[in-house]
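Heads up, the sequence shown is in my numbering, so the first residue is 5 and it goes up one at a time. Report on the structure given below.
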Amino acid sequence: MPENLLNQPLPLPCGAHLPNRLMKAAMTEGLADPFGRVTDPLVTLYRRWSSGGAGLLITGNVMIDARYLERPGNIVIDHNEDRSALRALAEAGTHADNHLWMQISHPGRQCSRIVNNRPVAPSPVQLKLLGNFARPRQLEVNEIEAAIAGYARVAGVARETGFSGVQIHAAHGYLISQFLSPLTNKRTDDWGGDPIRRARFLLETVQAVRETVGDDFPIAVKLNSADFQKGGFTLADSCQVAAWLQDGGIDFLEVSGGTYEQPRLLGYNGNPDRQQEPVRESTKRREAYFLEYAQAIRKSTSTPLAVTGGIRDSAFMNAALADDELDVIGLARPLCVDPDLPRKLLQGVATHARRDELDLRLGPGVLGPASPVAAFRALNTQGGAAWYYRQIIRLAEGRKPDTELNFSRALLQHFRDEYRSGFARRRVMRTQK
Ligand SMILES: Cc1cc2nc3c(=O)[nH]c(=O)nc-3n(C[C@H](O)[C@H](O)[C@H](O)COP(=O)(O)O)c2cc1C
Numbered sequence: 005m006p007e008n009l010l011n012q013p014l015p016l017p018c019g020a021h022l023p024n025r026l027m028k029a030a031m032t033e034g035l036a037d038p039f040g041r042v043t044d045p046l047v048t049l050y051r052r053w054s055s056g057g058a059g060l061l062i063t064g065n066v067m068i069d070a071r072y073l074e075r076p077g078n079i080v081i082d083h084n085e086d087r088s089a090l091r092a093l094a095e096a097g098t099h100a101d102n103h104l105w106m107q108i109s110h111p112g113r114q115c116s117r118i119v120n121n122r123p124v125a126p127s128p129v130q131l132k133l134l135g136n137f138a139r140p141r142q143l144e145v146n147e148i149e150a151a152i153a154g155y156a157r158v159a160g161v162a163r164e165t166g167f168s169g170v171q172i173h174a175a176h177g178y179l180i181s182q183f184l185s186p187l188t189n190k191r192t193d194d195w196g197g198d199p200i201r202r203a204r205f206l207l208e209t210v211q212a213v214r215e216t217v218g219d220d221f222p223i224a225v226k227l228n229s230a231d232f233q234k235g236g237f238t239l240a241d242s243c244q245v246a247a248w249l250q251d252g253g254i255d256f257l258e259v260s261g262g263t264y265e266q267p268r269l270l271g272y273n274g275n276p277d278r279q280q281e282p283v284r285e286s287t288k289r290r291e292a293y294f295l296e297y298a299q300a301i302r303k304s305t306s307t308p309l310a311v312t313g314g315i316r317d318s319a320f321m322n323a324a325l326a327d328d329e330l331d332v333i334g335l336a337r338p339l340c341v342d343p344d345l346p347r348k349l350l351q352g353v354a355t356h357a358r359r360d361e362l363d364l365r366l367g368p369g370v371l372g373p374a375s376p377v378a379a380f381r382a383l384n385t386q387g388g389a390a391w392y393y394r395q396i397i398r399l400a401e402g403r404k405p406d407t408e409l410n411f412s413r414a415l416l417q418h419f420r421d422e423y424r425s426g427f428a429r430r431r432v433m434r435t436q437k
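Written out as structure tokens, the structure is:
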């Protein structure tokens, strides 16, 4: 039998080692309390995922600024954090001697109206998606500097509370990704314009985080291979930024792609008129959304590389490792329905992950993910995520996943819960003013 390369450890530049080549990619949990504090269900969830065998777990978005969340139930680290609860989370999430890294994030303009009607962004370019997002205000330079300090502070808290690394979220159209993209960064000062100015926010964040956590602590970045939007962040930009990040001393790069407008990260397409390029046929066939893009990025950097998105088959994973196309396999949705999958893949008792996402849709034809109607496309994407949010909630409650869960029911339950926790969060914010 050929060697199962998934079991190989991986040394990182900072001196840390990953025990194997499987990573649970970040998934926003929405399970913090209205104050943004870690709850018992979050601790149960990460204990479950830690037992599952992946060498590396990444948390969902943890927010650096209480005013601007990606979802009402995000964990927030903004001076009022409950450190003992964070410690409990870190301990549960590393109990199987795996790594647990905190994903650090700010949504920028992708901050829904449920949370805040006045988001901030590099430039006042509004995200037009079902009326969910208000026009952002342009960040002042002192606010940019404060945000960079915020990422560094959160990274310091992560280290102090027992997380074994951090990941800076620079993908998927959130704040740093907005700085990187010429579509959302129209600034004419030192924070916008040419590629190096657009990358300045990210590079200064990496530097500030490194100064805070020290040289022996893993710093990862999640980066888009492209935005897949006309005039947006391109593969060439991504290759350039990857090289700068290596010079900046990161330990680990995760490649993904897309934004809320072009949700390629989940294998969906957004507005066909605004696409940079169609889905590549060979990528579609191989079901790894970004592997071909990652191959180009690999040529620009020797930073240990993970690729996430659509990868399901262990033979495929082993071939990608054998061909040195990547170092780590990122898995997200499959671990909501089979948290023990990594162990099974490592032991060779499973050969592939479930592909529930292929059947999750509102309906066929015009109701489906490729609908010409933007609202239906958006509902398919949201429903596709909502179905997995429900599975995450079940795991966090100590229950088994429910793979028979109805798509529309999951979507409705998600909207109900999201509005409820949004109102609770707004009440808290009003009292904290
Ligand atoms: C429910 C859900 C929540 C997600 N939340 C995050 C997040 O907080 N941060 C992030 O970087 N990516 C997030 N993602 C994207 C995943 O990390 C991953 O890139 C994507 O699901 C593709 O991987 P997969 O095909 O293995 O699921 C999320 C995806 C899902 C399905």
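We treat Cβ as the ideally placed atom computed from N, Cα and C, and that holds for glycine. Everything numeric in this text was worked out from a predicted model, so none of it was measured.
S229 to L187, Cα distance in whole Å?
In a straight line, the C-alpha of S229 is about 16 Å away from that of L187.
Near ligand 1: A29 beta-carbon under 6 Å from a heavy atom
Yes, ligand 1 has a heavy atom inside 6 Å of this Cβ.
When the distance is taken between beta carbons, is Q114 closer than 7 Å to G177?
Yes.
Less than 7 Å between C-beta atoms, sequence neighbours within five positions excluded: which residues of the same chain meet that for M321?
When the five nearest sequence neighbours on each side are left out, the beta carbons in the same chain lying within less than 7 Å of the beta carbon of M321 are those of L10, I315 and I333, in order along the chain.
Buried or exposed, going by whether 16 or more other CB atoms sit within 10 Å of the CB of Y392?
With 16 or more other Cβ atoms within 10 Å, it is buried.
In three-state DSSP terms, what is A310?
Correct three-state label for A310: strand.
May I have a chain-ordered list of the beta strand (DSSP E) segments no shorter than 3 residues that lie completely inside the segment 171-255?
Listed in chain order, they are 223-228.
When DSSP labels each residue in this structure, what does L35 get in the three-state scheme?
Coil.
For P15, does the three-state DSSP call read helix, strand or coil?
If DSSP states are grouped into helix, strand and coil, P15 belongs with the strands.
Taking the alpha carbon of P297 as the point to measure from, which residue in Q182, S181 and D231 has its own alpha carbon closest?
Here residue 297 is Tyr; the residue named in the question, Pro, does not match the sequence. Nearest C-alpha to Y297 among Q182, S181 and D231: D231.
DSSP on G426, reduced to helix/strand/coil?
Three-state result, G426: helix.
Expected contact under 8 Å - CB spacing of G57 and R347 to nearest Å
Right, the Cβ-Cβ distance comes to about 3 Å (below 8 Å), so this counts as a contact.
DSSP-derived helix/strand/coil call for V158:
Per DSSP, reduced to three states, the secondary structure at V158 is helical.
CA-CA distance, I180 and Q171?
For I180 and Q171, the gap between their C-alpha atoms comes out near 13 Å.
Cβ shell of G402 (< 6 Å), same chain only, five flanking positions each side left out:
Counting only residues of its own chain and dropping the five nearest sequence neighbours on each side, G402 has a CB closer than 6 Å to the CB of T48.
Suppose contacts are defined by Cβ-Cβ distances below 7 Å. Is L309 in contact with L330 by that definition?
Yes, Cβ-Cβ distance for L309 and L330 is below 7 Å.
Using three-state DSSP, classify G169 as helix, strand or coil.
In the structure shown, G169 sits in a strand (DSSP, three-state: E or B).
Short Cβ contact (7 Å threshold) for P267 with D241:
The Cβ-Cβ distance between P267 and D241 does not fall below 7 Å.
Let me know the secondary structure DSSP gives Q266 once reduced to three states.
DSSP places Q266 in coil when its eight states are reduced to three.
Does the distance from the CB of S109 to the CB of R191 come in under 7 Å?
Between S109 and R191, the C-beta gap is not smaller than 7 Å, which leaves the two residues out of contact.
Exposed or buried, what is E215 when buried is set at 16 or more other beta-carbons lying within 10 Å of its beta-carbon?
Around the beta-carbon of E215, fewer than 16 other beta-carbon atoms lie within 10 Å, marking it exposed.
Touching or not, the segment 58-69 and the segment 360-378, by the rule of three or more beta carbon pairs under 8 Å?
Too few Cβ pairs lie closer than 8 Å, so no.
Taking DSSP as the reference, what is the three-state secondary structure of K404?
The answer is coil: DSSP assigns K404 none of H, G, I, E or B.
Through-space distance from T435 to A292, alpha-carbon basis
Those two C-alpha atoms are separated by around 46 Å.
From the DSSP output, read off the bridge partner residues of S109.
According to DSSP, S109 bridges with M67.
Quick check on the DSSP output: the alpha helix (DSSP H) that includes G97 runs from which residue to which?
Per DSSP, G97 is one residue of the alpha helix (DSSP H) stretching across R87 to G97.
Is the closest heavy atom of ligand 3 to the C-beta of L26 under 6 Å?
With respect to small molecules bound, the structure shown includes ligand 1 and not ligand 3.
What do you reckon, are the CB atoms on G236 and S304 nearer than 7 Å?
For the pair G236 and S304, the CB atoms are not nearer than the 7 Å cut-off.
When you compare only the Cα positions, how much space is there between G352 and A319?
In this structure, the alpha-carbon of G352 lies about 10 Å from that of A319.
Taking the runs of the alpha helix (DSSP H) that are 4 residues or longer, which of them lie wholly in the segment 295-339?
Considered as a whole, the segment 295-339 harbours 295-302 and 318-326 as its complete alpha helix (DSSP H) runs of no fewer than 4 residues, in chain order.
For ligand 1, any of its heavy atoms closer than 6 Å to the Cβ of A138?
Answer for A138: no, Cβ out of range of ligand 1.
Distance between R117 and F294 (C-alpha atoms, nearest Å)
If I take the Cα positions, the gap works out to 31 Å.
Rounded to the nearest angstrom, how far is the Cβ of P13 from that of P23, given a contact under 8 Å?
Contact between P13 and P23 holds, since their C-beta atoms are separated by about 6 Å, short of 8 Å.
Report whether the distance from the Cβ of L335 to the nearest heavy atom of ligand 1 is below 6 Å.
The answer is yes for L335.
Does the beta-carbon distance from A159 to V217 come in below 7 Å?
Going by beta carbons, A159 and V217 fall inside the 7 Å limit.
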